[in-house]
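Notes for the one structure printed next.
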Amino acid sequence: GAGVSQTPSNKVTEKGKYVELRCDPISGHTALYWYRQSLGQGPEFLIYFQGTGAADDSGLPNDRFFAVRPEGSVSTLKIQRTERGDSAVYLCASSHTSGSYNEQFFGPGTRLTVL
Amino acid sequence: RKEVEQDPGPFNVPEGATVAFNCTYSNSASQSFFWYRQDCRKEPKLLMSVYSSGNEDGRFTAQLNRASQYISLLIRDSKLSDSATYLCVVTSYSGAGSYQLTFGKGTKLSVIP
């Protein structure tokens, strides 16, 4: 079956612009996660959705970052007033439920470059 | 101190060698443990979960020592296709039904012909 998909695969923008990154999870997966991975680092947790609600947004770095999942499937990560430090690969993952040993399946990521 | 720390690497080993990766974690309330593999410019993929009793999957053996807060991964008879970055991952309950994955920085393995 289809895995997690993310669009766009690459996004280049200018400092101060607004960007939206999309994640399409595996069908039937209720849990959805966003991570950010900078060069040479492991992925860093941003936000977790269970269904439509953001159950844990403790990883969002500041109020320029926001994410939605209005129908409990596709999610959009929104970044306002982008800064050069936002440049990273943004990874989305989904899992069937949110249990501690449930495997998270990652999408290929969106590589964001802020000039 | 980082929550999850791994050997800095990189590890360059010949084909057929045995290589071991170590990882320590700081949160004693951590609940589950994994090794993920990440190929260059690709997404992380689950390699194996790690259980207290230790577990093996073919050439891969994972060990967990909760008292020492230490996780290891042993790869026997290394293949060229094992070349990747290996990420140590720890899960902690963060409330509201959420289990956060905390990743180490990863250790890069290059298996040389």
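Top line first, the protein sequences correspond to chains D and S.
In this text, residue positions in the first sequence follow the working numbering: the first is 1076, and each later residue adds one.
In this text, residue positions in the second sequence follow the working numbering: the first is 1250, and each later residue adds one.
Glycine residues also receive a C-beta, built at the ideal position from the N, C-alpha and C atoms.
For the set D:Q1179, D:G1078, D:G1091, D:P1083, the Cα lying nearest the Cα of R1139 (chain D) is the one of D:G1091.
Looking only at S:G1353, S:G1355, S:Y1342, the smallest Cα-Cα distance to Y1176 (chain D) is reached by S:Y1342. Taking C-beta atoms as the reference points, G1117 (chain D) and L1336 (chain S) count as a pair closer than 8 Å.
Nearest CB-CB separation between Y1274 (chain S) and chain D: not below the 8 Å threshold.
Interface with chain S (8 Å Cβ-Cβ cutoff): Y1165 (chain D) is excluded. Within the region 1285–1307 of chain S, contact with chain D at the beta-carbon level (separation under 8 Å) is assigned to K1291, E1292, P1293, K1294, L1295, S1298. Within 7 Å of the CB of P1118 (chain D), the CB atoms of chain S belong to P1293, F1352, in sequence order along the chain. DSSP places Y1274 (chain S) inside the beta strand (DSSP E), whose first and last residues are 1268–1274.
Residue contact with chain D for T1356 (chain S): absent (no Cβ-Cβ distance below 8 Å to any residue of chain D). Legend: CB atoms of the region 1123–1134 of chain D lying less than 7 Å from CB atoms of chain S belong to residues Y1123, Q1125, A1130, D1131, S1133. Its chain contains A1269, T1310 as the residues whose beta carbon lies nearer than 6 Å to that of L1323 (chain S), once the 5 sequence neighbours on both sides are disregarded; these appear in chain order. For G1160 (chain D), the three-state secondary structure derived from DSSP is helix.
Taking 8 Å as the CB threshold, S1281 (chain S) lines the interface with chain D. At a cut-off of 8 Å between beta carbons, S1169 (chain D) makes no contact with chain S.
Close partners of P1183 (chain D) in chain S (Cβ separation under 8 Å): K1291, E1292.
Cα atoms of A1266 (chain S) and D1288 (chain S): separation of roughly 20 Å, rounded to the nearest angstrom. Secondary structure in the region 1102–1165 of chain D: the beta strand (DSSP E) runs of 3 residues or longer, each lying completely within the stretch, are 1106–1112, 1119–1125, 1128–1131, 1140–1143, 1150–1154 in chain order. Excluding its 5 nearest sequence neighbours in each direction, P1100 (chain D) has C-beta neighbours in its own chain below 6 Å: V1079, L1107, S1169, listed in chain order.
In this structure, DSSP gives L1096 (chain D) an extended state, which the three-state scheme calls strand.
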